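J.: To get my numbering, take the position in the sequence shown, counting from 1, and add 103.
Every residue gets a Cβ at the ideal spot worked out from N, C-alpha and C, and that includes glycine.
None of these values were measured; they are calculated from a predicted model.
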Amino acid sequence: MIMCSIRSTLCILCFCCWSGIAAQQDFTTYFQPQIALNYKVSTGYSHNFSIGQRNYVYDESDLQFKTRQIDLVHFSKLKIQDNQSLALGIQYRFRENFEPGKGNELRLTQQYNITSKPRVARLGHRVRSEQRITSALTIHRFRYRFAVDFPLNGEQLDIGEAYVVTSTESLLSVANGQGPEFDQRITGNIGWLLREKTKMQFGLEYRAENYGQHTQKILFLNANLVLSL
Numbered sequence: 104m105i106m107c108s109i110r111s112t113l114c115i116l117c118f119c120c121w122s123g124i125a126a127q128q129d130f131t132t133y134f135q136p137q138i139a140l141n142y143k144v145s146t147g148y149s150h151n152f153s154i155g156q157r158n159y160v161y162d163e164s165d166l167q168f169k170t171r172q173i174d175l176v177h178f179s180k181l182k183i184q185d186n187q188s189l190a191l192g193i194q195y196r197f198r199e200n201f202e203p204g205k206g207n208e209l210r211l212t213q214q215y216n217i218t219s220k221p222r223v224a225r226l227g228h229r230v231r232s233e234q235r236i237t238s239a240l241t242i243h244r245f246r247y248r249f250a251v252d253f254p255l256n257g258e259q260l261d262i263g264e265a266y267v268v269t270s271t272e273s274l275l276s277v278a279n280g281q282g283p284e285f286d287q288r289i290t291g292n293i294g295w296l297l298r299e300k301t302k303m304q305f306g307l308e309y310r311a312e313n314y315g316q317h318t319q320k321i322l323f324l325n326a327n328l329v330l331s332l
């Protein structure tokens with residue numbers, strides 16, 4: 104039953120993806136699978152490790168499938184209240200191996216997150232500051248995300264059941280010698296609790312980068328496997 108639902112969802116996502124491409128010829132489209140591992144050290148302290156791969160699907164009016172980058176990410180999260188947490192992250196992006204001349208990237212992240220659950224849905228507010236460090240320059244980025252997630256059956260999520268996660272995120276990037284850049288992201292995911300500590304998610308993410316100037320429209324087809332220890 105779960106696999107049938109996953110196949111149906113993938114078909115819907117692919118249809119939406121290619122509908123967007125057909126309507127917007129200047130789209131860049133990526134397929135981005137990711138595996139994440141959550142490790143709880145103590146009651147209020149945990150680690151998150153993930154590895155993700157970004158692949159071109161459609162770029163500059165051409166259908167293609169080639170790797171753009173691989174990301175290794177680690178976050179340490181400290182719960183300061185039942186619904187609030189602070190986190191520090193470090194990420195390394197391998198891109199030069201796949202696109203010579205583009206350069207690799209080291210990213211440092213500082214994060215504050217707060218959630219509430221007035222009814223069945225959980226609401227989340229996340230604020231991040233980032234330093235994206237390359238050999239050419241350092242970009243400072245500031246991000247705010249509002250997210251909503253809820254189970255599709257009943258008031259709590261049980262094994263074998265599906266859930267939905269949606270979010271919108273605004274970003275501001277600044278760097279020495281460059282003008283400010285504004286981005287907007289809108290994401291929708293559907294997931295399943297396969298086992299007590301295993302989740303699978305599929306979704307679409309639309310990005311409008313550097314909007315207000317030379318807007319670049321990007322569509323992501325995401326697939327995430329989340330494991331917890």
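Please go through the region 146-194 and give each complete beta strand (DSSP E) segment of 3 or more residues, from N-terminal end onward.
T.: Fully enclosed beta strand (DSSP E) runs of 3 or longer: 148-162 and 165-184.
J.: If you pair each beta-carbon of the region 313-320 with each one of the region 292-301, do three or more pairs fall below 8 Å?
T.: With the cut-off at 8 Å, the region 313-320 and the region 292-301 do not touch.
J.: Is it true that the CB of Gly257 sits closer than 8 Å to the CB of Leu296?
T.: On the sequence shown, position 193 is the one that residue 296 refers to. On the sequence shown, position 154 is the one that residue 257 refers to. Cβ atoms of Leu296 and Gly257: not closer than 8 Å.
J.: Are the Cβ atoms of Thr131 and Ile289 separated by less than 8 Å?
T.: Residue mapping note: residue 131 aligns to position 28 of the sequence shown, counting from 1. Residue mapping note: residue 289 aligns to position 186 of the sequence shown, counting from 1. No; because the gap between Cβ atoms is not below 8 Å, this pair is not in contact.
J.: At which residues does the beta strand (DSSP E) containing Ala265 begin and terminate?
T.: As a first step, residue 265 must be located in the sequence shown, where it is residue number 162. Taken as a continuous stretch (DSSP letters only), the beta strand (DSSP E) holding Ala265 covers Ala265 to Ala278.
J.: By DSSP, does Glu199 sit in helix, in strand, or in coil?
T.: Along the sequence shown, one-based indexing puts residue 199 at 96. Of the three classes helix, strand and coil, the one that applies to Glu199 here is coil, per DSSP.
J.: Going by DSSP in three states, Leu332 sits in which element: helix, strand or coil?
T.: By one-based count along the sequence shown, residue 332 stands at place 229. Here Leu332 sits in coil by DSSP.
J.: Go ahead and pull the three-state DSSP assignment for Ile124.
T.: Indexing the sequence shown from 1 puts residue 124 at position 21. Confidence is the limiting factor: at Ile124 the pLDDT is only 47, short of 50, which leaves the residue's position unreliable, though a coordinate-based value still follows. Note: Ile124 maps to helix in three-state DSSP.
J.: Would you check if the region 137-157 and the region 169-185 touch, i.e. whether three or more CB-CB distances between them fall below 8 Å?
T.: With the cut-off at 8 Å, the region 169-185 and the region 137-157 touch.
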